[in-house]
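Remarks on the structure that follows.
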Amino acid sequence: MTRTIRPEPLTAASFAPFGDVLDAVGAPDKIINAGLCGRYHDRARLDFGADGRAGISVFNAEPRALPYRFDLVERHPDGSQAFLPMHDQPFLVIVAPDQRGTPGTPRAFLTNGAQGINFLRGIWHGVLTPLALPGLFAVIDRIGATPNLEEYVFDTPWRVSRAQEPGPTGPNHRDDPGSTRTDP
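Quick note on numbering: the sequence shown equals residues 26 to 209 in the working numbering.
Structure (structure tokens):
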């Protein structure tokens, strides 16, 4: 048995409780480089904690397809995590609100191929999920001596439908108990 959620378009307003959408929409905040470049300034709330520093890594993730089934989410309790695609393909973003230390009902977002995201500190989220070619991403996150990863496995898997399929199954989406795992 699985529970189904339907992906929604990624917008700044819908994603705000979970983090920031990184894109170049509207007029730039500044024109720089002798008028040849528009700067979209300070688009993410980066947080690396008192004992961390910013690091840039490159991730190369295998592509998946919709419908997509998952039972694992994770969070980073000590800092934010930003994903900047190094390609122009949409990717799937799964998030869940925190409910007393465990993830609540997940939501799924589809990027438009020209968007990145920044997860706020402590936000439950799915794994990196490109939907076409292997996804190459620049990732900006906390580097530090302490672990910054907590994983949670849902007892009942979730399924993200294709956008045109019916939405969530059943009128009540109760969170199912799962297990929490902290990795060093």
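Positions of the beta carbon are idealized from the N, C-alpha and C atoms, including for glycine.
To which residues of the same chain is residue i closer than 7 Å at the C-beta, ignoring the five residues directly before and after it?
| i | result |
| --- | --- |
| A163 | I81, V83, L109, M111 |
| A69 | D45, L47, A107, N143 |
| P159 | N85, A86, E87, P88 |
| Q140 | L35, V46, L47, D48 |
| A37 | V46 |
| H66 | D54, K55 |
| G77 | D103, G104, R167, I168, G169 |
| T136 | L35, P115, F116, V118 |
Could you tell me which residues DSSP puts in a beta bridge with residue i?
| i | result |
| --- | --- |
| F116 | P155 |
| H66 | In the DSSP output, where bridge partners are listed per residue, H66 has none listed. |
| A121 | W149 |
| A133 | I119 |
| V110 | A small correction: the amino acid at residue 110 is Pro; Val does not occupy that position in the sequence shown. P110 is bridged to F162. |
| R94 | R184 |
| R167 | A79 |
Please state the DSSP three-state secondary structure of residue i.
| i | result |
| --- | --- |
| S82 | strand |
| F162 | strand |
| F179 | strand |
| F43 | coil |
| A37 | helix |
| D48 | coil |
| D208 | Reliability of the predicted coordinates at D208 is poor, the pLDDT of 38 falling under 50, and no value is obtained from them. |
| R31 | coil |
| P128 | strand |
| D76 | coil |
| G141 | strand |
| E99 | strand |
Quick check: residue i and residue j, are their CB atoms within less than 7 Å of each other?
| i | j | result |
| --- | --- | --- |
| R132 | D72 | no |
| A121 | P128 | yes |
| P182 | R94 | yes |
| G74 | D103 | yes |
| Y177 | V50 | no |
| F43 | I165 | no |
Here's a check: name, in chain order, each residue in its chain whose Cβ is nearer than 8 Å to the Cβ of residue i, leaving out the five neighbours to either side.
| i | result |
| --- | --- |
| L91 | P32, L117, L156, V185, S186, R187, A188 |
| R64 | P53, D54, K55, I56, I57 |
How would you label residue i, buried or exposed, when you count the other beta carbons within 10 angstroms and need 16 or more for buried?
| i | result |
| --- | --- |
| H150 | buried |
| S105 | buried |
| I168 | exposed |
| T27 | exposed |
| G195 | For G195, the pLDDT reaches just 33, beneath the cut-off of 50, and the residue's location in the model is therefore unreliable, although a value from the coordinates is still provided. Classification for G195: exposed. |
Below 6 Å CB to CB, which residues in the same chain sit around residue i once its five sequence neighbours on both sides are set aside?
| i | result |
| --- | --- |
| R199 | Low confidence applies to R199: its pLDDT is 39, below 50, so where it sits in the model is not reliable enough to give any reading. |
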